[in-house]
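Here the structure is laid out as structure tokens; the discussion comes afterwards.
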């Protein structure tokens, strides 16, 4: 047994040593490598290998391409100057002939001689795994792949609405020092989840280089700044406060679109009397209750007070918060009784299926309306009190400091800032561009009107960063906010909810 | 080469084989338990960057609502609801699994026709993951709306003319037996009013979780009991019958006492499953409105990974660990003692 082992070990050792000692100087031939000797120059080598002294361009291109993948090859900047000992890649004859047939050294375009250098991988972490969301991001991938053919782009998608599952996975990868090259996040304070100073790379230089600062909306730029730095490259803008309205149901019931809370509750009574659910809703995705309350809160308090609540200048003990909770409670009484058994899609489905009159949701619900063929009879309005308010939800990408392929990530987010990328992305995702100069005329005809109106509203309304989707508050505050609203939806205890809001705001660093 | 040396050699080799798993367990189980404990008393309260400076038991104070300020907080409310739910769920789940499993085993043990077929049928649900079970039961327990019409089980009830019995199942937001209902009044009148108070009450949501989980695992319980019953010699029953015992007495005084080790195993296996229950609740729609279906494991995930409040999340997991230890440690002590007796 022992002898057998020793022999095995010996064989293994020999196997490791042998290849190294067996290396002999093989004569260079076409399709192999060649080490430059004294008195070599490129055209001489080209003549030697191909019988065509002009074919040195092919050797130069092949060597530079090899250099991009393996630094042991030489990088040839100037074909007249090669150094002794430099390692060249000699392409096979047919490749060299094909290259020379295409290449015209007098044309001035010599980019083909120099490989882009982009290689390796690009691991893109995100939660866009299906439907229009994936179709949208895939458009960006297509552009990136076409321009960086040697990079292996990997779509690392983790399903789960609004990134609920992705964020946890991303967080642990980041802390463990094994991050994605670039990952998705909501623009705004969601970056605080990842302690940006420690883990993220500021992207201000990339945005400046790409020259998009002039076409990015000012409100968005302000929202992206965290203690003076930008960490997110935005890709789109969603509107969070839309009241989707079934016109067929309203017409049949003889109800006009309500603009105020009083009108809304009156409409609610009329609709309920006729056996129609006034407000379709689902709650199981975790954000819907908080989302709806946030819209009701701003609708009750108005822009300034709402802003004050989130920046600490207005206390949550203010009576207007109690008023908003009352309004929200009355709105809940207008919803379908089984809202606790379905998610936001179930809520918009009730409107699409003529079972409910309204649904308050962001414009990502528009994708459902398109997909289910309800464009003819489902329209968009402002929720009560939300005229002149635009709740902003924006998706973007960040680059971790420890990104394994930072250059590839940089190029990826640079492409994302481009007009063509944003147009192609947003017409699939169903959102408007994060730049002001997009042409909505290129969007599919049947849905052009909504996006044009959203873009117009964005330009003319007060912009409210939405808490329910990571823009308006740090994640710890956002989650407590969700939970307090959830608790309130069940016990309707206004005083308890206000007391809990106070503690949550204090935790977030805003003494009440 | 003497025998003594060979035996020692075997011991050393045995220990060497055991060593890697010992090291792995020390690091990955006990090391990480200690690390979680450290995090739970640390200052790592916001964001991804670890902060291990000790800040005391603030996280625990928030969970248990100690002090007026924390008592008003949502953390304390949610945690309290979650603890009540998980304890209630565990008790209901174990009791129903044992009752159903034992009954099925007792029936199959009588060598009924098609025993093999029924055994497989009862055992099959265990092969399904909690996610699938949860999703299916979620559909069944979707109650519908009075304007739109009933769905799921409520539609079935309606078709049988039982529409007056129209529970809201998982969407029910009532925690307790309402004090003004008939049953609530009865409980109050007989001096058991505490059971009708929200502190005690369990939501219908927890009942739906119990039904789904018991459906999945009572077959497994049955298999354990059936194996146990097959191990009891027929002579014992015969002897009891000769002595004049009826079937009930045989079960009461012979079968059940002999199956005590099995019952103990069942309780341990099911309890550790139910205390850390997560996937089933997620598949059945999450914590629910007013946290009627909330469980500490869900709370822990939300707090740690959605809010990045690592200290608080670690505190929840430490409480869960203590809860599970209360169950496992006595079991380990008793089984170690039994081994010593042997």
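Protein chains in written order, with our numbering: chain A, 24 to 535; chain B, 257 to 598. Note that the Cβ used here is the ideal one computed from N, Cα and C, for glycine as well.
- Counting the other Cβ atoms within 10 Å of the Cβ of residue 144 (chain A) gives fewer than 16, which makes it exposed.
- No Cβ of chain A is located within less than 8 angstroms of the beta carbon of residue 393 (chain B).
- Residues of the region 378-406 of chain B with a C-beta atom less than 8 angstroms from some C-beta of chain A are 394, 397, 398, 399, 400, 401, 402, 403, 404, listed in chain order.
- The beta carbon of residue 315 (chain A) lies closer than 6 angstroms to those of 383 in the same chain, with the five residues before and after it left out.
- Boundaries for residue 533 (chain A): no beta strand (DSSP E) harbours it, and the DSSP string shows neither H nor E there.
- Chain-ordered, the chain B residues with CB closer than 7 angstroms to the CB of residue 306 (chain A) read 545.
- Of the other Cβ atoms in all chains shown, 16 or more fall within 10 Å of the Cβ of residue 385 (chain A); this residue is therefore buried.
- In the three-state reduction of the DSSP assignment, residue 386 (chain A) falls in the coil class, being assigned neither a helical nor a strand state.
- Here residue 293 (chain B) has 570, 574 as same chain residues with Cβ atoms under 8 angstroms from its own Cβ, once five neighbours each way along the sequence are excluded.
- The beta carbons of residue 326 (chain B) and residue 318 (chain B) sit about 5 angstroms from each other, so the pair counts as a contact at 8 angstroms.
- Using a Cβ-Cβ cut-off of 8 angstroms, residue 513 (chain A) counts as an interface residue toward chain B, since at least one Cβ of chain B sits closer than that to its own.
- By the neighbour-count definition (other C-beta atoms within 10 Å, threshold 16), residue 530 (chain B) is a buried residue.
- Within chain B, no C-beta atom comes less than 8 angstroms from the C-beta of residue 336 (chain A); the nearest is roughly 21 angstroms away.
- A distance below 7 angstroms between beta-carbons, with the five flanking residues on each side excluded, links residue 484 (chain A) to the following residues of its chain, in chain order: 411, 412, 413.
- Below 8 angstroms, too few C-beta pairs join the region 268-283 of chain A and the region 452-466 of chain A to call them touching: fewer than three.
- For the region 327-343 of chain B, the set of residues with a beta-carbon nearer than 7 angstroms to any beta-carbon of chain A comprises 328, 329, 330, 333, 334, in chain order.
- For residue 292 (chain B), the uninterrupted alpha helix (DSSP H) segment begins and ends at 288-296.
- The Cβ of residue 216 (chain A) sits closer than 8 angstroms to at least one Cβ of chain B.
- Nearest to residue 429 (chain A) by alpha-carbon distance, out of A:161, A:205, A:57, is A:205.
- Listed by position along chain B, the residues whose Cβ is nearer than 7 angstroms to that of residue 499 (chain A) are 302, 563, 564, 565.
- Here residue 494 (chain B) is exposed, its C-beta having fewer than 16 other C-beta atoms within 10 Å.
- Nearest C-alpha to residue 264 (chain A) among A:202, A:292, A:317: A:317.
- Here residue 500 (chain A) is buried: its Cβ has 16 or more other Cβ atoms, across all protein chains shown, within 10 Å.
- Between residue 357 (chain A) and the set A:379, A:254, A:415, the nearest pair of CA atoms involves A:379.
- Ranked by how close their Cα comes to the Cα of residue 293 (chain A), the residues A:277, A:478, A:308 have A:277 in first place.
- Taking 8 angstroms as the upper bound on Cβ-Cβ separation, chain A lies near residues 541, 542, 543, 544, 545, 546, 547, 548 of the region 531-556 of chain B.
- In this structure, B:512 is the residue among B:578, B:467, B:512, B:470 with its C-alpha nearest to the C-alpha of residue 486 (chain B).
- Taking a beta-carbon distance threshold of 8 angstroms, residue 251 (chain A) does not count as an interface residue toward chain B.
- In terms of Cβ geometry, residue 494 (chain A) and residue 213 (chain A) form a close pair [threshold 8 angstroms].
- In this structure residue 393 (chain A) is in contact with residue 470 (chain A), their Cβ atoms being roughly 6 angstroms apart against a cut-off of 8 angstroms.
- With contact defined as three or more Cβ pairs closer than 8 angstroms, the region 375-387 of chain B and the region 397-407 of chain B are not in contact.
- Cβ contact annotation for residue 402 (chain A) (same chain, cutoff 7 angstroms, sequence separation greater than five): 268, 270, in chain order.
- Within chain A, the residues whose beta carbon sits less than 7 angstroms from that of residue 558 (chain B) are 502, listed in sequence order.
- Residue state for residue 398 (chain A) is assigned as coil, using DSSP reduced to three classes.
- Using beta-carbon distances, residue 320 (chain A) does not count as an interface residue toward chain B, since no partner is under 8 angstroms.
- Residue 525 (chain A) sits buried, since 16 or more C-beta atoms from the chains shown fall within 10 Å of its C-beta.
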